[in-house]
Each structure stands twice: as C-alpha cells, then as structure tokens.
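Before any comments, here is the structure.
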Amino acid sequence: MENNIILTGDRPTGPLHLGHYVGSLSNRVRLQNTGKYIPFVMIADLQALTDNAENPAKIRQNILEVALDYLAAGLEPDKTTMFVQSHITALTELPMYYANLVTMSRLERNPTIKNEIKLRGFERNLPVGFMTYPISQAADITAFRAKYVPVGDDQLPMLEQAREIVSAFNRIYKCDVLVEPEAILPDNSSCTRLVGTDGNAKMSKSLGNCIYLKDDEKTVKQKIMSMYTDPEHININDPGHVDGNAVFAYLDAFSNKRHFEEYLPEYQSLDEMKKHYMRGGLGDMKCKKFLNNVMQEMLRPIRERREEYAKDKGEVLNMLKKGTDHAQEVSLETLALVRRAIGVDYFNDEDFIEEFTK
Ligand code: ATP
Ligand code: MG
Numbered sequence: 003m004e005n006n007i008i009l010t011g012d013r014p015t016g017p018l019h020l021g022h023y024v025g026s027l028s029n030r031v032r033l034q035n036t037g038k039y040i041p042f043v044m045i046a047d048l049q050a051l052t053d054n055a056e057n058p059a060k061i062r063q064n065i066l067e068v069a070l071d072y073l074a075a076g077l078e079p080d081k082t083t084m085f086v087q088s089h090i091t092a093l094t095e096l097p098m099y100y101a102n103l104v105t106m107s108r109l110e111r112n113p114t115i116k117n118e119i120k121l122r123g124f125e126r127n128l129p130v131g132f133m134t135y136p137i138s139q140a141a142d143i144t145a146f147r148a149k150y151v152p153v154g155d156d157q158l159p160m161l162e163q164a165r166e167i168v169s170a171f172n173r174i175y176k177c178d179v180l181v182e183p184e185a186i187l188p189d190n191s192s193c194t195r196l197v198g199t200d201g202n203a204k205m206s207k208s209l210g211n212c213i214y215l216k217d218d219e220k221t222v223k224q225k226i227m228s229m230y231t232d233p234e235h236i237n238i239n240d241p242g243h244v245d246g247n248a249v250f251a252y253l254d255a256f257s258n259k260r261h262f263e264e265y266l267p268e269y270q271s272l273d274e275m276k277k278h279y280m281r282g283g284l285g286d287m288k289c290k291k292f293l294n295n296v297m298q299e300m301l302r303p304i305r306e307r308r309e310e311y312a313k314d315k316g317e318v319l320n321m322l323k324k325g326t327d328h329a330q331e332v333s334l335e336t337l338a339l340v341r342r343a344i345g346v347d348y349f350n351d352e353d354f355i356e357e358f359t360k
C-alpha cells in the first residue's frame, strides 16, 4: 500500500503568522482536502521548551492559540489528527535511541541550528535540548511513519537529518521499520521563506516581525503601512527596487490577477506594477494600500472562523485531547516495532524469552 501519511508541526511560542500560512499551513489544508492523505499536525510544546525552559507559561498560553489558528485556517478534526507533542510517549523514547546514531559534528553542521543559535545569543550556554532538537524532530516524523512533511525551506536541514537517522537505523538494525520523509515546499518561491515586515529574511515569532492570522483589521493595516520598502525610493519619481522590498515580496506571495481587476485595475499584472515602480512614478503608499486590500480579503474569513471557534474553547481542548489519544495509539505501534528491531523488547519477544528461560 502506498504511504500517504503527512506530519508537520508548529512551536507554541506564539500565535501563527503569515509565514506559517504560506510556508506550510495552506499546503496542509490543501492536502487534507484532497482526501488522499492521512494528516497529523502536532503542537510542538517539547520543542518549544528547548529554548523556553524558564518560561513554560508562554508555551501553556499558546497551546490553544495555535489550535484555534489551525481550525481558523481550515484544518478539520475529522480529517486531520491535531495533537500535543509532550503527551506522546514515543516522542520522548525514540530520541534516546536515535541520539546514538548522530555525531556531535553532524549536529553542529546544521545551518538552521547555527543560525538559530546566533539569533538567540546562546553561545556556550546552549541548552543540550536545543542542540538536539533535530533528533527529536526526526522522532516526531518517524513515529507516525510519515512520508510527507509540508514545510518552509528553513526545515530542509531537519529533514535531511531525519533521513540520515532513518537510513542509519534501518541499516544497523537490518529492518525497514522507519520511513524516509520528504519535504513538500510551497510552489511559489516567495512562500518558501516569507520575509518579515521589517524586510528581514524570515518572518518569525522570535524576530517580532510578524503579521498574525488573528490580528484585527486595524493592526494588519498599521503593520502594512509601516512595512519596510526601499530606503532609496524617497521621492515618488525615484526609481525603486522590488528585490528586498517587503511589500513586493508579499504581493508575490499573495496577489493574483483578480486582485488587480478588483482593487488596482490600472495594472494588468504584478509584473506591470513592478516595472512602473522600478522606473519611478509609483509611490509606496499606493502599493501598500493595494497590499492591504489583498491581505484583508484573505485574512477576513480566517479571522471570522477563529472568532467562531473561540466561543467554545472547551470544545477545542476536547478536540486536542481526542487527537492526542489517537496519535498516541498510532505512534505506540511504531515504538513497538523500533524496540523489536533494536532487540530491547524483552518481555514481548518470544525468541528472547525462550533463549533465557530454557
Ligand atoms: P520560532 O521563532 O519560535 O521558531 P517560527 O515563526 O520560526 O517560530 P515555527 O513554529 O518554528 O515558526 O515553524 C513552523 C512551520 O512554519 C515550519 O514548517 C516552518 O518552515 C514554517 N514557517 C515559519 N516561518 C516561516 C516563514 N517566514 N516562511 C515560510 N515558512 C515558515
Ligand atoms: Mg522556527
């Protein structure tokens, strides 16, 4: 049978933002709705603790926020299993086995980790748990024997690490228990890593440069109006740059032909608009107003669905509990196979029992 299992997750370090949406969430919803996959979506609270150990209240507060964002974005509990990482037994046990298959130098080579260490100013005070989170992430994916992982491109080194662990495990323990996962990246290249509103290379909770899915209309507008554009485009007639200009990066990610017909009919396409900006004569304000129309149209239904679900948070918690119970069941099956493959499943292993009791 063809493997059609999907797994992804998000750290509950804040509500979800547009980067999550275009990088991963919208792909998850699309794949869910084809009906051809078995999707699991995880709230990665253990991973969030790796750089927030002293602030568990932040993680606690954001569990329901992230769950609400999932529902708001269109994930449905009867099609997608949504669950909490810390309650899945296999996800604390598997990393202990996998850690022995990875060298320190391999962990240190991971470019995303290097970047994140720098960003957080950890230097030598790096928590061991943070350094080893790629191993834990390999456990998250393999515990469900997931084949597909819809993510932004910051996650590619993590998937590479997961594949290496899978191939080492299957080779050393002479089995085919673990599945090598592959990334599903967004088709649109400006979505694989959406820039921040400050023009920084990545919109990220840790950088505080986000537009959140739950932001109200006024907040979204304010954030767009103060967005980073082109510092050399001072007067309207100055030639402008579209590369590195956050407004155009967002238009690349979110606008389509119909938006032009509806909100800015003087241009046929984004290409035409860009050319005008580069020639000079097109002001930032006009571009931002257009972007605001595009964003409000996209965010409105998400925000409304969120408000609806937020009326009954008990039900949302219930949904997570059910999802977590189901995820526990599925991953325990993998854990049993893993123990058996390594040879540590002593009390259920008939060969072992016979060998030592005869
Ligand atoms: P933190 O700053 O706490 O790490 P984050 O904003 O990086 O938070 P994560 O929870 O680490 O968000 O990422 C969850 C998923 O969303 C990953 O698949 C990641 O690739 C994707 N993602 C996050 N930010 C972006 C972005 N700016 N562009 C595209 N995808 C993104
Ligand atoms: Mg991150």
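Quick note: to get this note's numbering, add 2 to the position in the sequence shown (first position is 1).
Note that the Cβ used here is the ideal one computed from N, Cα and C, for glycine as well.
Just so it is clear, the structure is predicted and the values come from calculations on it, not from any experiment.
Item	Value
Range of the contiguous alpha helix (DSSP H) that encloses M84	First-last for M84: 83-86, but that is the beta strand (DSSP E), not the alpha helix (DSSP H).
Per-residue burial, K116 [other beta carbons within 10 Å of its own, 16 or more giving buried]	exposed
Inter-residue Cα distance where the pair is M84 and L196	24 Å
Given 8 Å, three or more beta-carbon pairs between the stretch 154-173 and the stretch 80-94	no
For F386, the nearest candidate out of D347, V24, L319 (CA to CA)	Any answer about residue 386 is impossible in this case: the structure gives the chain only from 3 up to 360.
Any non-hydrogen atom of ligand 3 closer than 7 Å to S138 Cβ	As presented, the structure is devoid of ligand 3, carrying ligand 1 and ligand 2 as its sole ligands.
Beta-bridge pairing of V43 - partner residues as DSSP gives them	T10, M84
For E268: DSSP bridge partner residues	Its beta-bridge partners do not exist; DSSP assigns none.
Distance between beta carbons of P183 and L161, contact taken as under 8 Å	6 Å
Span of the beta strand (DSSP E), counted from its first residue to its last, around Y150	150-152
Minimum C-alpha distance to I236 - residue among S88, D286, L27	D286
Segment contact flag, the stretch 48-61 with the stretch 286-301, C-beta cutoff 8 Å, min 3 pairs	no
Coil, strand or helix - E184 by DSSP	strand
DSSP state of H235 mapped onto helix, strand, coil	coil
Neighbourhood of D232 by C-beta distance below 7 Å, restricted to the same chain and skipping five residues each side	G242, H243, N247
CB-CB length for D71 against K216, believed under 8 Å	7 Å
Three-state class that DSSP yields for Y214 in the structure shown	strand
Beta-carbon proximity list for L337, same chain, < 8 Å, skipping 5 on both sides	T91, A92, E95, L96, A145
Residues bridged to H328 [DSSP beta-bridge criterion]	Its beta-bridge partners do not exist; DSSP assigns none.
Contact between the stretch 262-282 and the stretch 301-315 (3+ Cβ pairs under 8 Å)	no
Coil, strand or helix - A278 by DSSP	Residue identity differs from the one stated: residue 278 is His in this sequence, not Ala. Helix at H278.
Start-to-end residues for the alpha helix (DSSP H) that takes in D156	Taken as a continuous stretch (DSSP letters only), D156 belongs to no alpha helix (DSSP H), as it is neither H nor E.
CB contact below 8 Å: V104 versus chain C	In the structure shown, chain C does not exist; there is a single protein chain.
S257 CB to nearest heavy atom of ligand 1 below 7 Å	no
Proximity of D245 and G282 at Cβ, strictly below 8 Å	no
Option nearest P14 by Cα separation, candidates I344, G37, M44, G21	M44
R305 classed as buried or exposed, judged by whether at least 16 other C-beta atoms fall within 10 angstroms	buried
Proximity test, S26 beta-carbon vs ligand 2 heavy atom, cut-off 7 Å	no
D12: CB within 7 Å of a non-hydrogen atom of ligand 1	yes
Contacts around A203, its chain only, beta-carbon distance under 8 Å, and the 5 residues preceding and following it disregarded	R195, V197
D156: CB within 7 Å of a non-hydrogen atom of ligand 1	yes
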